[in-house]
Every structure is written in structure tokens, then in C-alpha cells.
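Under mature numbering (1 follows the signal peptide of the UniProt record, and there is no 0), the letters of the sequence shown match residues -28 to -1, 1 to 233, in that order. We put the CB at the ideal spot given by N, CA and C, even for glycine. On a predicted model such as this, the values are computed, not experimentally measured, just so you know. Read through the structure below, which is laid out as C-alpha cells, and then see the notes.
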Amino acid sequence: MKMKSFTKKTVFALILAFLFVNLTSCQNQVSNNNTHNAQNSLDYDGIYRGTLPCASCEGIKTTIYLNRDSTYKVVTSYLGKEQNTQEETGKFTWDKTGTIIKLKSNNSSAVTQYFVGENMLTLLDKSGNKITGNLAPNYILTKENYALLNKKWRPIEILGKPVILNEKNTKEPTLTFDDNSNRYLAVTDCNNISGGFEILPFNKLKFSPGMSTMMACESMEIEQKLGEVLRQADGFIINGDELTLIKGRMAPLAKFKTPMH
């Protein structure tokens, strides 16, 4: 009788252990399925821009359009070369971690991989690893880079003071970054200032010395202050419809607004 009682208890314990293991396994599976990653947690669709390193040219200006239907378009321009713009379309897939996308062209068997982060894509090597070394930041494309371009940014604050227009101002000041020419145009309360610009990794911005028209105006305050901002600024921040030009970690140099589309 003791043997039978012990056997029943053992069997009962084994059943309980089996149920516990299965319950734990199911919970872990649910937990794994709910793990946050780029695929299910980020607004990864959008337009990304950057200039990738190039061995035989000044750089490869790269724009990637990612769509929610898993299609993409890549437009590349080889800087310093004529007839240099190429366009590629295709579909992309996610790896099992939900953090890397693989771009498969419609026209070739080549596959390009990018690590997907918050508002950025990082080009990976052929083995799917991040590129290291001093040039590593140059393999990053960001949404902010593209959002800066081809918009009329209206200054609302310069050097800590609000921009207030009065009857002396005959035109509305704006700042525009032209994507095709890589030149900026600052329309002020008097003269226009223009020059070249370069978008660098991590929202860094490089302005070349600007040229100005030579009119004499009754009101030139905005021109003088905006010109000073363009000489100092080395970075930018975009938040929705607002652009901020900055220098290092100092206070913002100027803030701008643009109409939302």
C-alpha cells in the first residue's frame, strides 16, 4: 500500500512539474513575441539622407525612401562626377531580431543591410556588422538630414531675442537649403546672403563663407544677426516644424519655423 501511495504522489508531482514547465514556456513565448524592436516600435517609414564614403569620388549622396508596404527606393548621387545619379527600387525584409532591414533590388541579386534606429539607418558591411573606425559616423543616414532641405524656414528667434517685423521690413526673412545645388539662401530684412553648406553625421552642419548683395537699407538688424548665426552655427536640431541652429553645446543661436505639410 505504501508503494502504491508513493507512486501516486510521484505521478501527481510529475504532472504538476510538467504543467509548470509548459506554463512557463508559454509565458516566455508571449514575452518574446511582445519584445520591443525597431520593426514593431519605431516609425521607421520615411525619408533618410546622408553622404556615404566613396573611394573614387567626393562622397555618395544617398536618399532612402522606406514605405510601410515593405517597398523602398534609393537615389544615389556620386559627388564630383557627371551623369552620376542612380535610382533603385525593390522590397525589404526584416531579420529575426526586428532591428535590421535587408534591401533586395528589383534589378539585381545584391542585398544591402541597414541597422534601424530612432530616425536613422546605419549601413552594415556584407556580413551584417556595423562598420567601425573613424569613418563609422559617415555610414549613418537620418530623417533630420532630409527634413532640413527645400523648405522656407522663417526665423522666430535670433541670438535669444524674438524676431519682430515692423513697417520697415519690406520682405519676410527666410532661410532655405537647396538640395540640388547644396547652397543656402538667407533672405533678410535687407540683403540676401548665400553660400554652400554640407550636412555631416549626427546633425552637424558646415557653412561656407557667404556672399551678400550690397544694398543699403534703413533696417539691417536681422541681416546682421542672421549673418553672425551663419558664421557660428555648426549643427542643427529639427523638432516637427521647428529648426534650431546651434554651436556645440551652447545655447541655441537661432530658431525657425516652417509650414507643416
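Note on geometry: alpha-carbon atoms of Phe149 and Gly70 lie some 34 Å from one another. Secondary structure of Ala158 (DSSP, three-state): strand. Beyond the five residues adjoining it in sequence on each side, Pro181 comes within less than 7 Å, by CB distance, of Gly167 in the same chain, given in chain order. In the structure shown, Ile194 falls within a helical segment according to DSSP collapsed to helix, strand and coil. Beta bridge pairing from DSSP links Gln85 with Lys74. Judged by their CB atoms, Lys115 and Asn152 are not nearer to each other than the 9 Å cut-off.
For a cut-off of 8 Å, the C-beta gap from Ile194 to Ile130 is around 7 Å, short enough to register as a contact.
Within its own chain, the residues whose Cβ lies closer than 8 Å to the Cβ of Asn138, once the five positions on either side in sequence are excluded, are Ser191, listed in chain order.
Excluding five sequence positions before and after Gly207, the CB atoms of its chain that fall closer than 6 Å to its own CB belong to Asn175, Lys176, Leu177, Ile218, given in chain order. If you check the CB distance, Tyr86 and Leu113 come in under 9 Å. The C-beta of Gly22 has 16 or more other C-beta atoms within 10 Å across all chains shown, which makes the residue buried. DSSP places Glu200 within a helical segment (H, G or I) once states are collapsed to three. Look at Ala10 here: in three-state DSSP terms it is helix. Tyr44 sits away from Gly18, with the two beta carbons spaced by 9 Å or more. Taking every protein chain shown into account, the CB of Thr65 has fewer than 16 other CB atoms within 10 angstroms, so this residue is exposed.
Within the DSSP bridge table, the entry for Asn164 names Val159 as partners.
Contact between Asp213 and Lys229 holds: their C-beta atoms lie close to 6 Å from each other, under 8 Å. Scanning its chain for C-beta atoms nearer than 6 Å, with the 5 sequence neighbours on each side dropped, one finds around Leu107 the residues Pro25, in chain order. Looking at Gly31, Glu60, Leu93, Asp97, the one whose alpha-carbon comes closest to that of Ser80 is Glu60. Unbroken alpha helix (DSSP H) runs of no fewer than 4 residues, entirely contained in the segment 15 to 83, are not found. If you look at Glu116, you'll find it in the alpha helix (DSSP H) that goes 115 to 119. Secondary structure at Ala188: coil, using DSSP grouped into helix, strand and coil.
Bridge partners of Gly182 according to DSSP: none are assigned. Linking Ser77 to Tyr37 through their CA atoms gives a straight-line distance of about 13 Å.
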